[in-house]
Amino acid sequence: MKLTWFGGTALRVYVGGEIVVIDPETAVAGVETRELLSGADRVLRLAEDLPVVEASAWRPRPVGRAIDEPVATEIASIGPATVLISAAGDPPLLVSNTLELPRLGRWADAAVFVLFGHRGALVGEAILALDLARPRHLLLAADETVVDDFMSRIADRQRDMSFSSLEPGLALEV
Numbered sequence: 593m594k595l596t597w598f599g600g601t602a603l604r605v606y607v608g609g610e611i612v613v614i615d616p617e618t619a620v621a622g623v624e625t626r627e628l629l630s631g632a633d634r635v636l637r638l639a640e641d642l643p644v645v646e647a648s649a650w651r652p653r654p655v656g657r658a659i660d661e662p663v664a665t666e667i668a669s670i671g672p673a674t675v676l677i678s679a680a681g682d683p684p685l686l687v688s689n690t691l692e693l694p695r696l697g698r699w700a701d702a703a704v705f706v707l708f709g710h711r712g713a714l715v716g717e718a719i720l721a722l723d724l725a726r727p728r729h730l731l732l733a734a735d736e737t738v739v740d741d742f743m744s745r746i747a748d749r750q751r752d753m754s755f756s757s758l759e760p761g762l763a764l765e766v
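With my numbering applied, the sequence shown has no gaps in its numbers, which climb one by one up to 766 at the end.
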């Protein structure tokens with residue numbers, strides 16, 4: 593899985609052999625929309641009406657056998673401004689720009705979370721403080737001051753979770 597943040601909630605994700613672009617219209621000035629969308633298999637918005645799944649009951653699909661037809665990447669809403677992306681062979685990806693996550697299932701402990709800005713920092717802090725989930729990796733897409741403040745507040749509670757900050761235009765492979 594490879595993620596590139598372009599500011600705002602604009603995110604380009606390479607997952608399961610597909611390129612998914614989220615909220616391209618929120619990219620920072622200077623990012624060419626044509627370049628951001630180049631090669632995209634799917635373009636969506638966090639606020640878009642997507643198929644809805646119950647986050648607490650959802651389960652990732654099992655990885656198929658080599659002789660089976662490939663299974664398409666699953667993209668669903670699990671709450672307001674919160675999208676779940678699941679592809680065979682990759683951990684589930686939760687992308688959110690809200691202050692309240694829905695109740696999550698056990699799958700969240702193996703997931704990658706992408707949270708945006710100050711809201712995301714507050715949600716990330718709540719996840720750790722209340723032990724709501726133990727994501728494999730938490731990614732915060734925010735400016736440097738928000739990231740620094742977040743890191744100082746969670747330094748003693750990080751546990752087994754890894755954390756990274758996303759910087760506009762730089763790809764991160766998870």
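Just so you know, even glycine gets a beta-carbon here, dropped at the ideal spot from N, CA and C. Since we're looking at a predicted model, the values are computed, not measured.
Residue i classed as buried or exposed, judged by whether at least 16 other C-beta atoms fall within 10 angstroms
i	result
ARG653	exposed
PRO684	buried
ARG626	exposed
VAL675	buried
ARG604	buried
PRO727	buried
GLY712	buried
Endpoints, the alpha helix (DSSP H) within which residue i is located
i	result
GLU736	736 to 746
First through last residue of the beta strand (DSSP E) which encompasses residue i
i	result
PHE598	No beta strand (DSSP E) contains PHE598, which DSSP labels as neither H nor E.
GLU610	610 to 614
LEU764	763 to 765
Short Cβ contact (8 angstroms threshold) for residue i with residue j
i	j	result
MET753	ASP682	no
ALA673	ALA639	yes
GLY600	VAL620	yes
GLY716	LEU732	yes
ALA679	GLY608	yes
**Complete alpha helix (DSSP H) runs within the segment 701 to 731 (minimum length 4 residues, chain order)** = Correct list: 709 to 721.
**Message:** In chain order, what are the residue ranges of uninterrupted alpha helix (DSSP H) at least 4 long that sit wholly in the segment 620 to 705?
**Reply:** Qualifying alpha helix (DSSP H) stretches, in chain order: 625 to 629.
**Item:** Contact the segment 653 to 662 vs the segment 691 to 710: 3+ CB pairs below 8 angstroms
**Value:** Touching, no.
**Prompt:** Looking at C-beta atoms only, is the number of pairs between the segment 641 to 649 and the segment 608 to 624 that lie closer than 8 angstroms three or more?
**Reply:** Of all C-beta pairs linking the segment 641 to 649 to the segment 608 to 624, fewer than three are shorter than 8 angstroms, placing the two stretches out of contact.
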